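Peer 1: Residue numbers (this note's numbering): 19 to 483. Ideal placement from N, C-alpha and C gives every residue a C-beta, glycine not left out. This one's a predicted model, so the numbers in the text were calculated from it and none came from an experiment.
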């Protein structure tokens, strides 16, 4: 089985309108839950109403046919080059994206609550970003500790005081949700810089329609195919006033980036140019793209390059993937960048612990979706508890992403815990800790059998007009 990860992409997800069905539903032969909250099973021999047709279909197909269809799906992924790379792999080998043909079904009623909670959260985070790079009222009034926010390595003083184009700094957010032992959805973390994964959502849906078409006949499934069209409309809306036909490009670090397939996919679907740093040049605070017909003005950049690497004058001087002068052009209003610079301060994991207060301050509402309880190692009382319970907690770096550099205490060695203990004592602001959440499970195909697998869910939220 793959290592348990808090940021691994979920199985394909379908939001569907379902109604309870009183009659007995056949269960997939041989499938047993592992004791965690199960998406498919309501009890030892009872499928949940939302999974009625999925369960019937799995039982009808049988293990051998299900295994064949799973192999067919993986061939489709391989033939279409749907891959990713894992950075700890020293060789940087690209792998076929892991895909499971059994969909995760979310009822319309549940999805309405999730959607409302996600919109609420992203609205509040955009207000927070505009405030902390502007008047800083939330800090001056002591609603959240200024030292926690302003000490974030992701807070960029270079854009302090600069208003965001159209009042939005985070245009694309990927929010990681988990379901705990009680069946309650919790927000595990926010991703507001360059969130990845949407191309796999779209590819998963297309493949699933071909390998399990009968499942779709039983559900009124919410479509996902309009994502790229909506994203392009939002990006064009960000262009400076008076530009009738703005040029939008997607800036990629290049073919060696782990999410390069996604960059290529999104640029193709939106019909925009995929560019690398050397393809762009800045002149008098305007950005131009090199073409065979000469320079062409660029108005909006959907960037998939992190802040530090975006401009060697502004960030990492050794960056070969950035554009010299790009940050000055952004500050001068000569180009719009999505997501905006400095959005990382809002997905700093220490700031994550403060988001319930942030939502209450800006919106006057209680959070619809709760956080996982979080200990801030920068606070002495929290730090003492964390150091005493490292074997029971998950420790994360506040600026980390993608599940890298974590300590899962229950799966760690004494040497690993000692190493993290020294790091926390040396730099407490750099770490937070959370209890281990028993993630919900559902069946996945493993050869010719089904087994229970932990999962999370990353919905994507677009902010525009």
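Can you give the Cα-Cα distance for residue 54 and residue 459, rounded to whole angstroms?
Peer 2: Cα-Cα distance, rounded: 6 Å.
Peer 1: If we ignore side chains and look at the alpha-carbon of each, how far apart do residue 289 and residue 269 end up?
Peer 2: When rounded, the distance between both Cα atoms is 14 Å.
Peer 1: Taking the alpha helix (DSSP H) that residue 133 belongs to, which residues open and close that run?
Peer 2: That run of the alpha helix (DSSP H) goes 126-150.
Peer 1: Tell me whether residue 176 sits in a helix, a strand or coil according to DSSP, three-state version.
Peer 2: In this structure, residue 176 counts as helix in the three-state DSSP scheme.
Peer 1: Output yes or no for whether 9 Å exceeds the beta carbon distance between residue 462 and residue 233.
Peer 2: No. Outside cutoff.
Peer 1: Less than 9 Å between the beta carbons of residue 246 and residue 357, yes or no?
Peer 2: Result no, Cβ atoms of residue 246 and residue 357 do not sit closer than 9 Å.
Peer 1: Compare the beta carbon distance of residue 454 and residue 427 with 9 Å and say whether it is the shorter of the two.
Peer 2: Cβ distance < 9 Å, so residue 454 and residue 427 count as in contact.
Peer 1: Could you pull out every residue in the same chain whose Cβ sits closer than 7 Å to the Cβ of residue 438, ignoring the five residues on either side in sequence?
Peer 2: Only 408, 413 and 425 meet the Cβ criterion.
Peer 1: Quick one: grab the DSSP three-state call for residue 22.
Peer 2: Confidence at residue 22 is low in this model, with a pLDDT of 37, below 50, so the placement of that residue should be treated as unreliable; the coordinate-derived value is given next. Of the three classes helix, strand and coil, the one that applies to residue 22 here is coil, per DSSP.
Peer 1: Using only the alpha-carbon positions, how far apart do residue 323 and residue 210 sit?
Peer 2: Their backbone Cα atoms lie some 13 Å apart in a straight line.
Peer 1: Taking just the CA atoms, how far does residue 299 sit from residue 342?
Peer 2: Near 8 Å, if we compare the C-alpha coordinates of residue 299 and residue 342.
Peer 1: Do you know how far the Cα of residue 229 is from the Cα of residue 172?
Peer 2: Cα to Cα, residue 172 sits roughly 43 Å from residue 229.
Peer 1: What residue range is occupied by the uninterrupted beta strand (DSSP E) comprising residue 80?
Peer 2: Where residue 80 is concerned, there is no enclosing beta strand (DSSP E), although the alpha helix (DSSP H) it sits in stretches over 70-97.
Peer 1: Which term fits residue 249, buried or exposed, when burial requires 16 or more other beta carbons within 10 angstroms of its beta carbon?
Peer 2: The residue is buried, with at least 16 neighbouring Cβ atoms inside 10 Å.
Peer 1: Near residue 79, what residues of its chain come up, given a Cβ to Cβ distance below 8 Å and the 5 sequence neighbours on each side ignored?
Peer 2: Closer than 8 Å at Cβ, skipping near neighbours: 87.
Peer 1: Could you tell me the distance, in whole angstroms, from the CA atom of residue 435 to the CA atom of residue 218?
Peer 2: Approximately 35 Å, taken between the alpha carbons.
Peer 1: Just list the beta strand (DSSP E) runs in the region 441-465, keeping only unbroken ones of 3 residues or longer that don't cross its boundaries, in chain order.
Peer 2: With a minimum length of 3 residues, the continuous beta strand (DSSP E) runs that stay inside the region 441-465 are 449-453 and 459-464.
Peer 1: If you reduce the DSSP assignment to three classes, tell me which class residue 399 lands in.
Peer 2: In this structure, residue 399 counts as helix in the three-state DSSP scheme.
Peer 1: Identify, in the order they occur along the chain, each residue of the same chain with its Cβ nearer than 6 Å to the Cβ of residue 59, setting aside the five sequence neighbours on each side.
Peer 2: Here the set comprises 51.
Peer 1: Leaving out five residues before and five after residue 375 in sequence, what residues of the same chain have Cβ atoms less than 8 Å from its Cβ?
Peer 2: 161 and 162, listed in sequence order.
Peer 1: Less than 9 Å between the beta carbons of residue 362 and residue 432, yes or no?
Peer 2: No, the Cβ-Cβ distance between residue 362 and residue 432 is not below 9 Å.
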